[in-house]
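Peer 1: Encoded as structure tokens, here's the structure I'll be asking about.
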Amino acid sequence: MRDSWHKYMSLGYVHTVAFPNGAKGEGPIKDQVAQLLADDAYRAVEVSWVKDPAEREKLAGFLAEADVDVVFLTSFPMTAHGVYFCDLSEEGRQAAVELGKKLIDEAYLYGARMMLVGSGPYPGPEKRDQGLKQLAKSLGELCSYARSKAKDHVLTITLEHFDRDVDKKFLLGPTVETAEFIRELRKEHDNLGVTLDQSHLYQLGEDAEESARLLGDLIVHAHFANCVVKDQSHPLYGDKHTPFNIPGGEVGPEQIASFLEALAKSGYLSRPQPTRRPVVSLEVNVMSGEGSPEEIIQATKEAFLKGWELAELGIAPRFEV
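Sequence positions in the sequence shown follow our numbering and run 103 to 423.
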């Protein structure tokens with residue numbers, strides 16, 4: 103592509119994997135986010151919980167002034183508290199929803215347009231339907247709560263689907279099941295969608311173009327990401343968000359280009375989204391590669407730039423730079 107990607111989308115970076123303590127909600131998070139956004143390649147950022155109230159207010163103040171799209175991530179606080187939305191016990195499910203509501207409040211504090219959630223662990227084929235019913239209740243309650251708290255915009259809840267038998271082993275799960283499930287829920291909750299993560303498709307054994315086609319207008323958000331799936335003895339096997347240049351990894355510039363083309367064919371880059379522009383973020387964990395965090399972040403961006411040069415989107419630009 104010769105055009106700037108800014109004409110088509112907002113490129114983001116996932117803060118929680120960019121700094122060692124990011125996932126824990128600790129450290130100088132506002133300064134770290136500012137460091138990421140000092141690079142004008144990025145017009146979006148993905149953040150999560152911030153434990154310290156003073157740091158939370160600093161981040162909120164900074165993001166209020168920043169001209170960027172914000173996505174809020176729930177997986178780290180959910181894991182830390184040991185709760186999940188498809189919990190078969192009603193007590194456990196309600197605990198997950200209560201935490202989810204608090205995270206919705208925090209997401210609004212940062213001006214986030216989307217909040218990303220996962221289903222929770224796969225309970226096995228015998229209890230799959232029960233798990234889906236619990237997940238449907240949870241997502242419905244979260245969507246309703248998000249709408250009840252809205253002021254200038256309604257927060258969209260976006261479900262990221264994971265592998266079922268490689269690493270995370272989540273209920274959702276295969277794209278065809280995810281699409282059917284979310285499409286049905288969307289009949290009642292229009293602030294609901296799907297995050298398409300590139301690395302999860304390899305872990306699911308799926309083709310990016312076909313998965314994007316199946317999801318269609320359910321896609322509201324996407325991640326560029328790499329993984330190792332062919333060698334189970336590899337120390338970074340599974341959902342580890344490895345750098346793009348790692349030996350044995352699935353994703354490099356050519357695959358980034360193909361993923362961009364799949365998103366374009368699905369219509370994701372051409373449709374209005376909850377965010378001001380379609381957001382596609384880089385999710386590479388600086389702890390899973392060699393070099394300083396700054397070096398890995400730079401190498402990650404360079405892999406994207408090479409992928410962008412190779413991509414042929416076949417669509418007209420929608421935005422001014």
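Heads up, the beta-carbon is just placed ideally off N, CA and C, and yes, glycines get one too.
If you're wondering where the values come from, they're calculated on a predicted model, not measured in any experiment.
Can you grab the Cα-Cα spacing for the pair Asp207 / Val219, in whole Å?
Peer 2: Counting from 1 along the sequence shown, the entry for residue 207 is found at position 105. Counting from 1 along the sequence shown, the entry for residue 219 is found at position 117. Each residue's alpha carbon lies about 15 Å from the other.
Peer 1: State the DSSP-derived secondary structure class of Met111, mapped to helix, strand or coil.
Peer 2: Counting from one through the sequence shown, the residue named residue 111 turns up at place 9. In the structure shown, Met111 sits in coil (DSSP, three-state: anything other than H, G, I, E or B).
Peer 1: When you compare each of Arg145, Glu356 and Val172 to Met111 by their alpha carbons, which one comes out closest?
Peer 2: To locate residue 111, count along the sequence shown from 1; it is residue 9. It is Arg145.
Peer 1: If you reduce the DSSP assignment to three classes, tell me which class His255 lands in.
Peer 2: The sequence position of residue 255 within the sequence shown is 153, counting from 1. Looking at His255 - three-state DSSP - the assignment turns out to be coil, as it is neither helix nor strand.
Peer 1: Taking the continuous alpha helix (DSSP H) assigned at Leu294, which residues delimit it?
Peer 2: As a first step, residue 294 is located in the sequence shown; it is residue number 192 there, counting from the start. Taken as a continuous stretch (DSSP letters only), Leu294 belongs to no alpha helix (DSSP H), being part of the beta strand (DSSP E) at Leu294 to Asp299.
Peer 1: Give the straight-line distance between the Cα atoms of Glu404 and Cys329, rounded to the nearest whole angstrom.
Peer 2: Against the sequence shown, residue 404 aligns to sequence position 302. Against the sequence shown, residue 329 aligns to sequence position 227. Straight-line Cα distance between these residues: approximately 18 Å.
Peer 1: Taking 8 Å as the limit between beta carbons, can you name the residues of its chain near Glu159, skipping five residues before and five after?
Peer 2: Position 57 of the sequence shown, counting from 1, holds the residue named residue 159. Result list for Glu159: empty, nothing under 8 Å.
Peer 1: Contact defined as beta carbons within less than 8 Å: I believe Leu139 pairs with Ala168. What is the distance between those atoms, to the nearest angstrom?
Peer 2: Numbered from 1 along the sequence shown, position 37 holds the residue referred to as residue 139. Numbered from 1 along the sequence shown, position 66 holds the residue referred to as residue 168. Contact flag correct, Cβ pair sits at about 6 Å.
Peer 1: May I ask you to verify whether the region 367 to 380 touches the region 326 to 346, counting CB pairs closer than 8 Å and requiring at least 3?
Peer 2: At 8 Å Cβ cutoff, the stretches do not touch.
Peer 1: By a C-beta neighbour count over all protein chains shown, 10 Å radius and 16 as the cutoff for buried, is Thr260 buried or exposed?
Peer 2: In the sequence shown, residue 260 corresponds to position 158, counting from 1. Classification of Thr260: buried, given that the 10 Å Cβ count is 16 or more.
Peer 1: Can you tell me which of the three DSSP states Thr260 falls into?
Peer 2: Along the sequence shown, read from residue 1 onward, the residue named residue 260 stands at position 158. It is a strand residue.
Peer 1: When burial is assigned at 16 or more other CB atoms within 10 Å of the CB, is Lys235 buried or exposed?
Peer 2: Numbered from 1 along the sequence shown, position 133 holds the residue referred to as residue 235. Looking at its Cβ environment, which holds fewer than 16 other Cβ atoms inside 10 Å, Lys235 is exposed.
Peer 1: Please state whether DSSP places Ser480 in a helix, a strand or coil.
Peer 2: The structure shown does not extend to residue 480, since the chain spans only 103 to 423, so no value can be given for it.
Peer 1: Looking at the secondary structure, which residues open and close the beta strand (DSSP E) in which Pro323 lies?
Peer 2: The residue given as residue 323 occupies position 221 in the sequence shown. Before going on, a small fix: residue 323 reads as His here, not Pro. That run of the beta strand (DSSP E) goes Ile321 to Phe326.
Peer 1: Of all the options Leu298, Val152 and Met180, which has the alpha carbon lying nearest to the alpha carbon of Gly275?
Peer 2: By 1-based counting over the sequence shown, the position of residue 275 is 173. Nearest option by C-alpha distance: Leu298.
Peer 1: Classify Pro189 as helix, strand or coil using the three-state DSSP reduction.
Peer 2: Translated into positions along the sequence shown, residue 189 becomes position 87. It is worth fixing the name first, because residue 189 is Asp in this sequence and not Pro. Residue state, collapsed to three classes: coil.
Peer 1: Count the C-beta pairs between the region 190 to 208 and the region 231 to 251 that are closer than 8 Å, then say yes if the count reaches three, no if not.
Peer 2: The region 190 to 208, when compared against the region 231 to 251, does touch it at the 8 Å Cβ threshold.
Peer 1: Could you tell me the distance, in whole angstroms, from the CA atom of Ala120 to the CA atom of Asn387?
Peer 2: Taking the sequence shown and counting its residues from 1, the one referred to as residue 120 is at position 18. Taking the sequence shown and counting its residues from 1, the one referred to as residue 387 is at position 285. One C-alpha to the other measures close to 6 Å.
Peer 1: Among Ala162, Val149 and Leu113, which has the Cα closest to the Cα of Asp141?
Peer 2: Translated into positions along the sequence shown, residue 141 becomes position 39. Comparing Cα positions, the closest option is Leu113.
Peer 1: Assign Ala252 to one of two classes, buried (16 or more other C-beta atoms within 10 Å of its C-beta) or exposed (fewer than that).
Peer 2: Taking the sequence shown and counting its residues from 1, one reaches residue 252 at position 150. The residue in question, Ala252, is exposed, as its Cβ has fewer than 16 Cβ neighbours within 10 Å.
Peer 1: Which term fits Thr277, buried or exposed, when burial requires 16 or more other beta carbons within 10 angstroms of its beta carbon?
Peer 2: By 1-based counting over the sequence shown, the position of residue 277 is 175. The residue is buried, with at least 16 neighbouring Cβ atoms inside 10 Å.
Peer 1: Quick one: is Pro155 buried, meaning 16 or more other Cβ sit within 10 Å of its Cβ, or exposed?
Peer 2: Along the sequence shown, one-based indexing puts residue 155 at 53. Answer is exposed; the Cβ neighbour count stays below 16.
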